[in-house]
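To start, the structure itself, in structure tokens.
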Amino acid sequence: MPRPPLDGLIDDLYYLEGTPPYARLTLPPMPSAVLIVNLGAPFRISTDIETAEYADGCVVTMPTRALEFSYPPRTRSVGVHFKPWGLAPFLPMPAAELCNRPVTVEQVWGRPAVTELRDRLATADGPHEMLTLLEQELMRRLRETAGLGLVLHTSRVIAATTGGVAIGDLSVAAGVSSTHLAQRFKELIGVTPKRLARTYRFAATVFAINPAGPVDWADLAGDAGYFDQAHFGHEFRAFTGLTPTRYVEVRRRFLREHPGHALDGWPLPAD
């Protein structure tokens, strides 16, 4: 766990090295943002708009659509999984400008700083030291961010209810207008409170699926608070590009071909 105050912004820091389970992986939207500092060969990210190559790494605010990552035969990187609001204190621009538009780390922190950081990481004495260096870099860059307290508090309520809270109640409880709350969310997370709630609900529903056994879709949809199976199916396609049954088939393929893999659970084979 990162030390305070980073622990209120970050879920984890990680080190990744080796051969990916698949050359291409689809990542459905999660209530999370990510920063990757790449130390190996470049990788590619495809959105529904474009495909771009990332040599130094990338920054991805909370997406609303699936992203496809294409990896080299061997990959090596360190990264940060941020809470949806956690990236804001490290961005020089509003998060809304980056919604579904991954950018290079250089575009966020500048070439000299990123070159120096990558050099220090590449020559570090093992993964533990690398993660310590990355944490120190984040502590150094942490800055006061207007409106973060409001967004953080409101987002935690959304997270605690897995998206089941009425958004209107949140703005009333916070003592601000729904318009003001939505503007702050778009500035600091990149999406509205309603979209964040949808993403938390969808993520919780997907994690409730056990792909190894039979799935009762009606029960699953009902327990998650969807109106009906049609509404649930529509959300599934909007988030993953797949029907629920096709999603489970792809998850089962991952389980079958790479049992116990560290990445199992969210990324999907795109090959």
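Quick note on numbering: the working numbering labels position 5 of the sequence shown as 4, and the sequence is numbered without any gaps. Where is the CB? At the ideal position from N, CA and C, for every residue including glycine. It should be emphasised that the depicted structure is a prediction, and the values quoted were computed from it without experimental measurement.
The criterion of a C-beta distance shorter than 7 Å is satisfied by L24 and P266. Cβ atoms of V104 and L34 come within 8 Å of each other, at about 7 Å. It is roughly 27 Å from the alpha-carbon of L8 to the alpha-carbon of E234. In the DSSP assignment, H260 falls outside any alpha helix (DSSP H), carrying neither H nor E. By the C-beta density criterion, D55 is buried, having at least 16 other C-beta atoms within 10 angstroms.
Closest option to V150, judged by alpha-carbon separation, among P213, Y21 and E186: E186.
Considering only V77, T244 and I44, the residue with the shortest C-alpha distance to T131 is V77.
D6 is not a Cβ neighbour of H80, given a cutoff of 7 Å. Around the beta carbon of R73, fewer than 16 other beta carbons lie within 10 angstroms, which makes this residue exposed. A Cβ-Cβ contact shorter than 7 Å links A158 with Y199. Around the beta-carbon of T153, 16 or more other beta-carbon atoms lie within 10 Å, marking it buried.
With contact defined as three or more Cβ pairs closer than 8 Å, the segment 25–32 and the segment 238–255 are in contact. With at least 16 other beta carbons inside 10 angstroms of its own, A32 counts as buried. As computed with DSSP, V102 is found in a beta bridge with V58. For D11, the enclosing beta strand (DSSP E) covers residues I9 to G17.
Secondary structure at F81: strand, using DSSP grouped into helix, strand and coil.
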